[in-house]
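Numbering (full-length UniProt numbering), first residue to last: 1 to 309.
Where is the CB? At the ideal position from N, CA and C, for every residue including glycine.
Bear in mind that the values here come from a model prediction, so they are computed numbers and not experimental data.
Here is the structure we will look at, set down as structure tokens.
Structure, rendered in structure tokens:
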């Protein structure tokens, strides 16, 4: 019987803490365990420390997970809680994504200071975003808009907006819901026109593949449809070698035993766009995503990424 508290690793932002508390509360309810059986260990990652440059400039995916994964591999943590969209497609040896909570809304939102919607912003307006995908999609819809890099927590980005550093910014609806900040939203974007990042809106746990005790604990809170949709989306990313240096969008939807996926790749200026769709049985979710990634890469041609990276 477990006598020591399970040690859960997390970043320290308000959103990260909201996510780890949700995981802890679900585990308490699933196993009838008291709060003192879970110790939350807060770590600062490279992505948290360096906020004056884009993610692409300082290394891409892994910036918000490396320190947590090091402690997890060493045994200092029992498992870690992440935003699934922050996870690299290739994890350190011996680690795996072991459970997903039920997914929140996948859509992006606009928080407009001078106009509520992107289409309403005046010519030459400034929009702040840290995401290469969002920047490319904004330029695709409004090539006249000036896009600048907005780094930092949700609270930091909203403060920058209030200070007048931009006319609008874009944030994930899921995060705003978890923080109780939906009142700042001025528009919600259609995912067919403005598709989300793969795995957006999903919270995942990461653990050692060899730790059956912890993996059995986590299996009780795993949501099957979320596991399958995110597996499909991560398969798409992996086939494209996706990172924060690449504007890639895509999402999967489960309907019974059926899954369908829509994916998109863009150049950073938004001028060149390729899309793909695929569907099949949920048991083949990851393979379907991989096939979609391979198909769109073949359609785009071998020089598509090389021309601008």
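Any idea what DSSP makes of residue 311, helix, strand or coil? Because the chain spans 1 through 309 in this model, residue 311 falls outside it and cannot be assessed.
Taking only three categories from DSSP, how would you classify residue 131? The count along the chain shown starts at 1 and reaches residue 131 at position 131. Coil at residue 131, not helix or strand.
For residue 222, which three-state DSSP category applies? Counting from one through the chain shown, the residue named residue 222 turns up at place 222. Residue 222 falls in the coil class under three-state DSSP.
Backbone CA spacing between residue 186 and residue 233 [nearest angstrom]: To locate residue 186, count along the chain shown from 1; it is residue 186. To locate residue 233, count along the chain shown from 1; it is residue 233. Computed Cα separation, rounded: 28 Å.
If I measure Cβ to Cβ from residue 266 and keep anything under 6 Å in the same chain, skipping five residues before and after, which residues do I get? The residue given as residue 266 occupies position 266 in the chain shown. Cβ neighbours of residue 266 beyond the five flanking positions: 136, 247 and 273.
From 44, 41, 80 and 86, pick the residue whose C-alpha is nearest to that of residue 199; which is it? For the purposes of this step, residue 199 is identified with residue 199 of the chain shown, where counting begins at 1. Checking every option, the nearest Cα to that of residue 199 belongs to 86.
Which partner residues does residue 83 have in the DSSP bridge list? Counting from one through the chain shown, the residue named residue 83 turns up at place 83. Answer by DSSP bridge pairing, in chain order: 203.
Classification of residue 122 by the beta-carbon crowding that lies within 10 angstroms, buried from 16 upward: Taking the first residue of the chain shown as position 1, residue 122 is located at position 122. Flag for residue 122 reads exposed.
What residues are listed by DSSP as bridge partners for residue 3? On the chain shown, position 3 is the one that residue 3 refers to. Note: residue 3 sits in no beta bridge, so no partner.
Check whether residue 80 and residue 226 have beta carbons under 9 Å apart: If you number the chain shown from 1, residue 80 lands on position 80. If you number the chain shown from 1, residue 226 lands on position 226. Contact annotation: residue 80 and residue 226 have beta-carbon atoms that are not nearer than 9 Å.
Taking its Cβ as the centre, do 16 or more other Cβ atoms sit within 10 Å of residue 195, making it buried, or is it exposed? Locating residue 195 in the chain shown gives position 195, counting from the first residue. Answer is buried; the Cβ neighbour count reaches 16.
Say whether the segment 123–131 touches the segment 161–171, bearing in mind that this needs 3 or more beta-carbon pairs closer than 8 Å, one atom from each stretch. yes
Using the rule of at least 16 other Cβ atoms within 10 Å of the residue's Cβ for burial, across every protein chain shown, is residue 281 buried or exposed? The count along the chain shown starts at 1 and reaches residue 281 at position 281. Residue 281 is exposed by the Cβ-count criterion.
Should the segment 86–98 be regarded as contacting the segment 132–152, the criterion being three or more beta carbon pairs within less than 8 Å? Taking 8 Å as the limit for Cβ pairs, the verdict is that the segment 132–152 does not touch the segment 86–98.
Buried or exposed: where does residue 96 fall if 16 or more other Cβ atoms within 10 Å of its Cβ makes it buried? On the chain shown, residue 96 is found 96 positions in, with the first residue counted as 1. Exposed is the label assigned to residue 96, since fewer than 16 other Cβ atoms lie within 10 Å of its Cβ.
On the CB-based measure, 16 or more other CB atoms within 10 Å of its CB, does residue 317 come out buried or exposed? Only positions 1 to 309 of the chain appear in this structure, which leaves residue 317 out of reach.
Excluding the five sequence neighbours on either side, which residues of its own chain have a C-beta within less than 7 Å of the C-beta of residue 333, listed in chain order? Given a span of 1 to 309 for the chain in the structure shown, any question on residue 333 remains unanswerable.
Measure the Cβ-Cβ separation of residue 41 and residue 17 and say whether it is below 9 Å. As a working note, residue 41 is residue 41 in the chain shown. As a working note, residue 17 is residue 17 in the chain shown. Not a contact, by the Cβ cut-off of 9 Å.
What does the Cβ neighbour count give for residue 302, buried or exposed, with the cut at 16 atoms within 10 Å? Locating residue 302 in the chain shown gives position 302, where the first residue counts as 1. Exposed.
Using only CA atoms, which one of 290, 238, 270 and 175 lies nearest to residue 103? For the purposes of this step, residue 103 is taken as the residue at position 103 of the chain shown. Nearest option by C-alpha distance: 175.
Within 10 angstroms of its Cβ, does residue 207 collect 16 or more other Cβ (buried), or is it exposed? Start at 1 with the first residue of the chain shown, and residue 207 comes out as number 207. Within 10 angstroms of the beta-carbon of residue 207 lie 16 or more other beta-carbons, which makes it buried.
Taking the straight line between their C-alpha atoms, what separation do you get for residue 305 and residue 3? The residue you call residue 305 lines up with position 305 of the chain shown. The residue you call residue 3 lines up with position 3 of the chain shown. The alpha-carbon atoms of residue 305 and residue 3 are separated by roughly 51 Å.
In whole angstroms, give me the CA-to-CA distance for residue 78 and residue 211. In the chain shown, the residue the question calls residue 78 occupies position 78. In the chain shown, the residue the question calls residue 211 occupies position 211. Those two C-alpha atoms are separated by around 8 Å.
Endpoints, alpha helix (DSSP H) assigned at residue 178: Taking the first residue of the chain shown as 1, we reach residue 178 at position 178. Element bounds for residue 178: 173–178.
Provide the residue(s) that pair with residue 250 in DSSP beta bridges, ordered along the chain. Taking the first residue of the chain shown as 1, we reach residue 250 at position 250. Paired residues: 263.
Does residue 208 come out as helix, strand or coil in the three-state DSSP assignment? Sequence index remark: in the chain shown, residue 208 carries index 208 (1-based). Strand.
Going by DSSP, name the residue or residues bridged to residue 146. By 1-based counting over the chain shown, the position of residue 146 is 146. Answer is 126.
What are the boundary residues of the beta strand (DSSP E) that includes residue 42? Taking the first residue of the chain shown as position 1, residue 42 is located at position 42. Where residue 42 is concerned, the enclosing beta strand (DSSP E) stretches over 38–42.
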